[in-house]
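Just so we're aligned: the sequence shown equals residues -21 to -1, 1 to 101 in mature numbering (1 follows the signal peptide of the UniProt record, and there is no 0). First up is the structure itself, then whatever we jot down about it.
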Amino acid sequence: MKKGLRLVSLVLFVTVSLSCASGSPREVARRFLTALVSLDIEEARRYAARETLPSLDLLQAFVALVPEGERSALSVRSFRLEDVVEEGERIRVDYLIEGEGRQSLYLVKEGGEWKVLWPMEW
């Protein structure tokens, strides 16, 4: 009985810990960028602010025009998260993309969760 109770307590602790950590601005930015660089637009939408969705729709339409075998040329090999800075009601997450230098993402709260603002710029 005690062993079962310990196991349930451990599972509950791990679940609560992971759910809290997974919603941090840094983690949301990491998951968004991971999805974006692998061109998994549907996954990126899970972490995107409402304002970001049109940019992701445009990106998805563009990717659909590229033949499947050539899409790897569009993706980025790696990125590294740098600073996380609070700027009023939003959070700035700086990151480095291999060969492109330092860039920033902004996150805002929507429905109590951190979401990424990512306007596609041409």
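Ideal Cβ positions, reconstructed from N, Cα and C, are used throughout, including at glycine. It should be emphasised that the depicted structure is a prediction, and the values quoted were computed from it without experimental measurement.
Per-residue burial, residue i [other beta carbons within 10 Å of its own, 16 or more giving buried]
i   : result
F64 : Here residue 64 is Val; the residue named in the question, Phe, does not match the sequence. Burial call: exposed.
A40 : exposed
A27 : buried
V45 : exposed
P98 : exposed
E88 : Residue identity check: residue 88 is Lys in the sequence provided, not Glu. Exposed, by the Cβ-count rule.
L12 : buried
Own chain partners of residue i with C-beta closer than 6 Å, once the 5 adjacent residues on each side are dropped
i   : result
A14 : E22, A23
D93 : Position check: residue 93 holds Trp in this sequence, whereas Asp was assumed. Hits under 6 Å: P4, V7, L86.
Close-in-space but distant-in-sequence residues of the same chain around residue i (CB under 7 Å, 5 per side omitted)
i   : result
L32 : R24
R9  : L60
L35 : I20, A23, R24, A27
Sub-8 Å separation of residue i and residue j beta-carbons
i   : j   : result
E77 : S51 : no
According to DSSP, residues forming a beta bridge with residue i
i   : result
Q39 : According to DSSP, which records beta bridges pairwise, Q39 is partnered with nothing at all.
E92 : E89
G80 : I76
A27 : V95
I20 : For I20, which the question treats as bridged, DSSP gives no partner whatsoever.
Neighbourhood of residue i by C-beta, 8 Å cutoff - its chain only, sequence neighbours within 5 removed
i   : result
S17 : S54
L96 : A28, E30, T31, R69, L84, Y85, L86, V87
G2  : E92, W93
V42 : L18, I20, R50, L53
Residue i CB to nearest heavy atom of the ligand COA below 7 Å
i   : result
R71 : The ligand COA is absent from the structure shown, which contains no ligand whatsoever.
Three CB pairs or more closer than 8 Å across the region 83 to 91 and the region 58 to 72
The region 83 to 91 vs the region 58 to 72: in contact.
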